[in-house]
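J.: Input: one structure, supplied below.
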Amino acid sequence: MIKKMIEVSGLKKSFKTNHVLKDVSFTVHKGNIFALLGSNGAGKTTVVKILSTLLKPDSGNVSIGGFDVVCQGDYVRGCSSLTGQFVAVDEVLTGRENLYLIGQLKRLTDVKSKVDEWLSFFDLEDAADRKVSTYSGGMRRRLDIAMSLMGNPQVLFLDEPTTGLDPQNRIAMWDLVKSLVAEGTTVFLTTQYLEEAEYLADNIAILHGGKILAEGTPQYLKEIIPQRGAQLNFQNERKAVEAMKLLNDKGITVDSIEKKLPSIEEVFLTLIDEKKEDSNHE
Amino acid sequence: MNKPKTSIFFDSWIMFKRCLLISLRNPEALLMATITPFFLMFLFGTVFGNIADVGDLNYIDFIVPGIIMQSLGQASQHSAINVATDMTKGIIDRFRSMSISKYAVLIGHTGAGGVRNTISTTVIIGSAFILGFRPQGGFVDWLIVVGLLMLVNIAISLIAVLCGLISKTPEGSSGLMFPLFILPFLSSGFAPTDTMSSGIRWFAEIQPMTPIINSIRALMLDLPLGNSLWIALAWSVGIIIVAFTASTQVYNRKLS
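Order-wise, the sequence lines are chains Z and F. FYI, full-length UniProt numbering numbers position 186 of the first sequence as 186, with every residue one higher than the one before it. FYI, full-length UniProt numbering numbers position 137 of the second sequence as 137, with every residue one higher than the one before it.
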C-alpha cells in the first residue's frame, strides 16, 4: 500500500491583508521527492513553515505522517525535520559540536557514533573540529542538512536547499537527496530552479499567486502544454546537412539548422572533472 | 507511535550547556564586560575618591555595590545579543521544528547569562580589595548578599533575554540594555541621594537600584539595614515574574 506522508488540502494563509496562500492542495507519497516550484515571493517558504509547524494555517487540513500539524504538532515534529532557507548552525561551535547538540536534543542513544557517521557521510570529517565560521558555503549547507538528518526523520523538508551553492555542490546535493529517498525518506523541497525540480522530483507542483497551477510528474507537466515541434539530433553538422537534403527531396521542409553547443554549466563541470583526474594521476 | 517525550529540565540543561559553550568561544566579550566596570571603579575610587563626601565611609567602600550593579548590566548585554542572534539567524526555526520543550532556549540563555554575571561580579568584588575595599560584614551578612545578588542576577538576565527578543537585530539589543548602565548612576550607587537635586532625588529613591544597592552596602559595611532589603527582594521577585511572563509572551507572538 502506498502511504500518504504529506497531505495538504484547502490550505489558506494570510498575513494581514496579504493573502499568500489562497487554496493549496497536494499529496506526497512515502519515499517520494516532491518539488514545490515557484518564483521568489510565491509563498514556498510559508508552505514549508506550515508543514513544519512553525506557522499555523488560517484554514485547511495539513497532515504529516498521518498527524495533524495543528493539534498533533509534537508528533509531527517527532517524525519530520526542517532545513530552512538560511543555514541554521552555530557559527562559533565546531561541526562536531553542532551535530552533537542536535543528537542530545533528540535524545539519541550512542550520539558520538551517529555524529561520526553523518560527518563521514557528508565528507566533513577533516573539518569536524574546526569552527563553522571557517566553513565554505557548501560545507555549511551539508552540515545544516546533516543536523536535520540526525535521528533519521521520516520526512525531510528542504527549503531551497541549493540556493547559493556552486554547480558542483548543487549536483552533490541532488545525489544526496536521491540517496536519502533510496533509504525510504520522504523529501519535500522547494526550489526556483526548473532543472532541479525536473531532475529530482517524482512529482512537481507549481505554486503561483497563492494557488497550485499544476501538479504531476515532470513528464505529465510537459505534456499538458502543446508540443513545440520535434527535434532530431545528429553527431555533427555534416550529417545534419545530408539529412536535410534527403528530407527536402522527400518533400519535408526543414526550417532551420542549429549547432548544439554545450552549456556553460557543462563546460565548467567537464573542465573541473578533467582537473580532478589530472590531480588524481599526479 | 509513542508521543515524543519532552522534558523542560533536560532540554533547558542542553540549551544551557550550548549557551555556555558559545560564551567560552567568545571570552573577549566577558573580559570587556568585566574590565569596563573595573576601570569605572578605579577611576571613581582614585580620582573622585578624595573630593566625594560620603560621611564617615571610604568612597571605594561606598561605590562597590553600584559598581556590582554596573557589572551585572554590562555582562548581561551578551545574553541580549545572543538571544537576538538566535532569533534572527534561523536557528530558532530549527529548534522550534524539533520536538523539544518550547521555552528551553530562553531558560538556557537565562542560565548562561546568570553564570557570566556571577563570574563578572566575583572578579569585580575580588579586584575591589586591591583598590582598598574593606568590608565589615560577617558571614551571615555575606550569605544574604550572595542570595540577594543571585536574585538580582536572574532578574537582570531575564531583562536581557527580553531585550534580545524584542530587538530586531543583535546590535540593537545591547542598545535596549542602555538604561541598565545608566540606572546605577541615578541611584544611591555613587552619591547619597540626599545630596541630589529634588527631581533626580525623587527618581533615585523610587527606582529599584537604590534599595538593592543600599541593602548590599548596609550588609557589607555593617550599617543599619532598615527596610531596604525587603524592598529590594520585592523588586527582584517582581522583575523576575514580569520579565519572564513578558518574554514568553513576546516569544510566542513573534513566532506564530
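Glycine residues also receive a C-beta, built at the ideal position from the N, C-alpha and C atoms.
Along chain Z, in chain order, which residues have C-beta atoms closer than 7 Å to that of residue 298/F?
T.: Limits of chain F in this structure are 1 at one end and 256 at the other, which puts residue 298/F out of reach.
J.: According to DSSP, is Lys-106/Z helix, strand or coil?
T.: Coil at Lys-106/Z, not helix or strand.
J.: Considering only DSSP beta bridges, list what Val-62/Z is partnered with.
T.: The partner list for Val-62/Z (beta bridge, DSSP) reads Val-8/Z.
J.: Does the beta-carbon of Met-1/F have 16 or more other beta-carbons within 10 angstroms, so that it is buried, or is it exposed?
T.: With a pLDDT of 47 at Met-1/F, under the threshold of 50, the modelled position of this residue cannot be trusted; read the value that follows with caution. Exposed, because fewer than 16 other Cβ atoms sit within 10 Å of the Cβ of Met-1/F.
J.: Give the list of continuous alpha helix (DSSP H) stretches no shorter than 4 residues that lie fully inside the region 184-217 of chain F.
T.: Correct list: 198-206.
J.: Considering only C-alpha positions, which residue in the set Val-92/Z, Leu-108/Z, Met-147/Z and Ala-127/Z is nearest to Asp-93/F?
T.: Checked all of Val-92/Z, Leu-108/Z, Met-147/Z and Ala-127/Z; the closest Cα to Asp-93/F is Met-147/Z.
J.: List the residues that DSSP assigns as beta-bridge partners of Glu-215/Z.
T.: Ala-205/Z, per the DSSP bridge assignment.
J.: Taking 8 Å as the CB-CB limit, is Ser-79/F close to chain Z?
T.: No, no contact with chain Z.
J.: Can you grab the Cα-Cα spacing for the pair Leu-186/F / Cys-71/Z, in whole Å?
T.: Cα to Cα, Leu-186/F sits roughly 50 Å from Cys-71/Z.
J.: If Ile-212/F sits next to Ala-232/F, beta carbons under 8 Å apart, how far is it from one beta carbon to the other, in whole angstroms?
T.: That belief holds up - the Cβ atoms of Ile-212/F and Ala-232/F are roughly 4 Å apart, short of 8 Å.
J.: Grab the span of the alpha helix (DSSP H) containing Lys-16/Z for me, first residue to last.
T.: Counting along the chain, Lys-16/Z falls outside any alpha helix (DSSP H), and DSSP gives it neither H nor E.
J.: Assuming Glu-97/Z contacts Ser-133/Z under a Cβ cut-off of 8 Å, what Cβ separation, rounded to an integer in Å, is found between them?
T.: Incorrect: roughly 13 Å between the Cβ atoms, too far for contact.
J.: Can you find a C-beta in chain Z that's less than 8 Å from the C-beta of Ser-97/F?
T.: Output row for Ser-97/F: interface = yes.
J.: Can a CB atom of chain Z be found closer than 8 Å to the CB of Leu-21/F?
T.: At least one chain Z Cβ lies under 8 Å of Leu-21/F.
J.: Between Phe-268/Z and the rest of its own chain, which residues show a CB-CB distance below 7 Å, the 5 nearest in sequence each way excluded?
T.: So the list reads Pro-167, once near-sequence residues are dropped.
J.: Does any CB atom of chain F fall closer than 8 Å to the CB of Val-20/Z?
T.: By this cut-off, Val-20/Z is not an interface position.
J.: Which class does Met-1/F belong to by DSSP, given the choice of helix, strand or coil?
T.: Interpretation of Met-1/F is limited by its pLDDT of 47, a score under 50 that renders its predicted location unreliable; no figure is taken from the coordinates.
J.: For Trp-118/Z, count neighbouring C-beta atoms within 10 Å of its own C-beta (all shown protein chains included) and say buried if the count is 16 or more, exposed if not.
T.: Classification for Trp-118/Z: buried.
J.: What are the start and end residues of the beta strand (DSSP E) that includes Ala-35/Z?
T.: From DSSP, the beta strand (DSSP E) with Ala-35/Z extends over 33-37.
J.: Given Val-69/Z, which residues of its chain have a CB within under 6 Å of its CB, disregarding the five upstream and five downstream residues?
T.: The residues are Thr-53, Val-62 and Val-76.
J.: By DSSP's criteria, His-29/Z is part of a beta bridge. Which residues make up the other side?
T.: According to DSSP, His-29/Z bridges with Lys-4/Z.
J.: Taking Cβ positions only, does Asp-74/Z come closer than 8 Å to chain C?
T.: No chain C is present in this structure, whose protein chains are Z and F.
J.: With a cut-off of 8 Å, does the C-beta of Lys-13/Z fall near any C-beta of chain F?
T.: Judged by the 8 Å Cβ criterion, Lys-13/Z is not in contact with chain F.
J.: Report the residue from Asp-110/Z, Lys-22/Z and Ile-171/Z whose alpha carbon sits nearest the alpha carbon of Gly-209/Z.
T.: Comparing Cα-Cα distances from Gly-209/Z to each of Asp-110/Z, Lys-22/Z and Ile-171/Z, the minimum goes to Lys-22/Z.
J.: Given Phe-244/F, which residues of its chain have a CB within under 7 Å of its CB, disregarding the five upstream and five downstream residues?
T.: Counting only Cβ-Cβ distances below 7 Å, and skipping sequence neighbours, we find Leu-158.
J.: Run through the DSSP bridge pairs and tell me what Lys-131/Z is partnered with.
T.: DSSP lists Thr-94/Z as partners of Lys-131/Z.
J.: Answer yes or no: does any C-beta atom of chain Z fall closer than 8 Å to that of Ile-107/F?
T.: Chain Z, which has no Cβ nearer than 8 Å to the Cβ of Ile-107/F, makes this no.
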